[in-house]
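All residue numbers for the sequence shown refer to the numbering used here, where the first residue is 3 and numbers rise by one.
Virtual Cβ for every residue (Gly too), placed ideally from N, Cα, C.
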Amino acid sequence: MGVDITLRLPEVNVKRIKELGVDVESKLIDLILQGLSLDPEEEAEAHLELAEKFLEDGRRLVDEDPTQASEKLYKAVEECIKALATHLGLKDIIEKVGERGRWTVTELEKAVEAESDRIGRWIEDVWAHAWVLHVLGFHEAKLDSEAVKRRLSYVEKIVEETRKIIGR
C-alpha cells in the first residue's frame, strides 16, 4: 500500500486551514489525482487504496479516539464512492468535479444515487451511516466507541464490494 509523506506547512496556512475547516489530506489528494491525469481505472484504484487506508486507520482508532475514527471511516466510504463513480464512468458527475477541481457533497450524493441505481440500494444505507459518522461522530463528537463500531460493518462492506466491482 502507498507511501506516507510528511508535509510541513507554514503556520499562517495551518491557522487558515483550521479557520476554514479544510480537510487538508483530501484536498491534497484531489489536487494530486487531478494533476496526474490518470486513466479512470488507475484513478479508481487510487481511491480504493485510500479507502483501505482510511478503513484501517478508523479500525485502529475506534477505541482510543472515536471522533477521529468516525472521520476516517467516513473518508473510507467517500473514497469508495469516488472510486465507483470513476469506474462506472459517471461522466456528468466526473466532469462537474473536474470543473470545480474537487468533490463536494452534492457530487457525492449524486454519485450515491447513480451507483445505487446500478449496483444496489445498499449503497444509500452505507452513505447514510457514513454521514452520521461524519456529522455526529466527527463534527459534533457525539458518538462513543460503541456507536462507531455499530457502523463499522457498513464501511467494511462498501470497501469489500468496491474491491470486487473494480476487479481487485
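Task: the region 144-153 in contact with the region 99-116 per 3-pair CB rule at 8 Å - done: No, they do not touch.
Open item on the list: Taking a contact to mean a Cβ-Cβ separation below 9 Å, would you say residue 131 touches residue 73 in this structure?
Closed with: In the sequence shown, counting from the first residue as 1, residue 131 sits at position 129. In the sequence shown, counting from the first residue as 1, residue 73 sits at position 71. Cβ distance not < 9 Å, so residue 131 and residue 73 don't count as in contact.
Open item on the list: Let me check understanding here. Comparing Cα to Cα, which of 92, 125 and 121 lies closest to residue 1?
Closed with: Within the shown structure, residues of the chain are numbered from 3 to 170, placing residue 1 beyond reach of any answer.
Open item on the list: Is it buried or exposed, residue 68, if we count other Cβ atoms within 10 angstroms and call 16 or more buried?
Closed with: In the sequence shown, counting from the first residue as 1, residue 68 sits at position 66. If you draw a 10 Å sphere on the C-beta of residue 68, you find 16 or more other C-beta atoms in it, and that means buried.
TODO: Would you grab the beta carbon distance between residue 49 and residue 13 for me? Rounded to a whole angstrom, and I think it's under 8 Å.
DONE: As a first step, residue 49 is located in the sequence shown; it is residue number 47 there, counting from the start. As a first step, residue 13 is located in the sequence shown; it is residue number 11 there, counting from the start. A Cβ-Cβ distance of about 31 Å is found for the pair residue 49 and residue 13, leaving them out of contact under the 8 Å criterion.
TODO: State the Cα-Cα distance for the pair residue 134 and residue 76, rounded to the nearest angstrom.
DONE: Within the sequence shown, residue 134 is the residue found at index 132, counting from 1. Within the sequence shown, residue 76 is the residue found at index 74, counting from 1. Straight-line Cα distance between these residues: approximately 9 Å.
Open item on the list: Looking at the secondary structure, which residues open and close the alpha helix (DSSP H) in which residue 68 lies?
Closed with: The residue you call residue 68 lines up with position 66 of the sequence shown. 68-89 is the span of the alpha helix (DSSP H), which, as asked, contains residue 68.
Task: Extent of the continuous alpha helix (DSSP H) to which residue 132 belongs - done: Working through the sequence shown from its first residue, we reach residue 132 at position 130. Residues 124-134.
Open item on the list: I believe residue 53 touches residue 161 by the beta-carbon criterion, under 8 Å. Please report the beta-carbon distance rounded to the nearest angstrom.
Closed with: To locate residue 53, count along the sequence shown from 1; it is residue 51. To locate residue 161, count along the sequence shown from 1; it is residue 159. Sure, about 5 Å apart at Cβ, within 8 Å.
Task: Limits of the unbroken alpha helix (DSSP H) element including residue 60 - done: As a first step, residue 60 is located in the sequence shown; it is residue number 58 there, counting from the start. Looking at the DSSP string, the run of the alpha helix (DSSP H) that includes residue 60 is 42-63.
- [ ] Measure the CB-CB distance between residue 64 and residue 71 and report whether it falls below 9 Å.
- [x] Sequence index remark: in the sequence shown, residue 64 carries index 62 (1-based). Sequence index remark: in the sequence shown, residue 71 carries index 69 (1-based). Yes, these two residues count as a Cβ contact at 9 Å.
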